[in-house]
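Asks: To start, I am sharing the structure in question, which I have written as structure tokens.
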């Protein structure tokens with residue numbers, strides 16, 4: 001019985017970042033001094049999300065960086081890149097979850113994270 005409990009507990013820990021951090025993340029886009037800029041966020045794999053800045057949008061976490069472009073009439077377009085980095089939980093998962101846990105997190109994108117806030121400068125024309 002004890003062995004069965006250990007097996008079940010081990011299976012539940014597989015994909016630890018997937019369980020604790022999730023596969024989506026909020027990114028807040030700020031355009032200091034400019035309200036109601038329309039921003040598009042596009043990953044290198046082609047997925048696109050939209051937000052009116054200042055505002056937040058939920059994106060799927062992945063290894064892909066996200067390009068952000070903000071537009072507003074009377075202003076030059078502003079742009080930035082949200083770089084994908086490894087989630088801190090990944091290292092614990094390597095130790096405790098092994099190959100299966102890392103594989104689950106890699107496939108789901110849960111082992112990645114983006115900066116929570118991106119500031120984009122826009123200049124009046």
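Numbering (UniProt numbering), first residue to last: 1 to 125. No residue lacks a Cβ here, since even glycine has one placed at the ideal position from N, Cα and C. If you're wondering where the values come from, they're calculated on a predicted model, not measured in any experiment.
#1: Using the C-alpha atoms, what's the distance from residue 48 back to residue 83?
#2: Quick one: what does DSSP say residue 68 is sitting in, helix, strand or coil?
#3: With distances taken from CA atoms, which of 122, 112, 33 is nearest residue 76?
#4: For residue 38, report the span of its beta strand (DSSP E) as first-last.
#5: Hey, could you find the ends of the beta strand (DSSP E) residue 57 is sitting in?
#6: Can you tell which of 85, 56, 44 has its C-alpha closest to the C-alpha of residue 119?
Replies: Checking against the coordinates, here is how it stands:
#1: Mapped onto the chain shown, residue 83 falls at position 83. Mapped onto the chain shown, residue 48 falls at position 48. Near 15 Å, if we compare the C-alpha coordinates of residue 48 and residue 83.
#2: The residue you call residue 68 lines up with position 68 of the chain shown. If DSSP states are grouped into helix, strand and coil, residue 68 belongs with the strands.
#3: Taking the chain shown and counting its residues from 1, one reaches residue 76 at position 76. The shortest Cα separation from residue 76 among 122, 112, 33 belongs to 122.
#4: Residue mapping note: residue 38 aligns to position 38 of the chain shown, counting from 1. Where residue 38 is concerned, the enclosing beta strand (DSSP E) stretches over 37 to 43.
#5: In the chain shown, residue 57 corresponds to position 57, counting from 1. Residue 57 -> beta strand (DSSP E) spans 55 to 60.
#6: On the chain shown, position 119 is the one that residue 119 refers to. Each of 85, 56, 44 was checked against the Cα of residue 119, and the nearest Cα belongs to 56.
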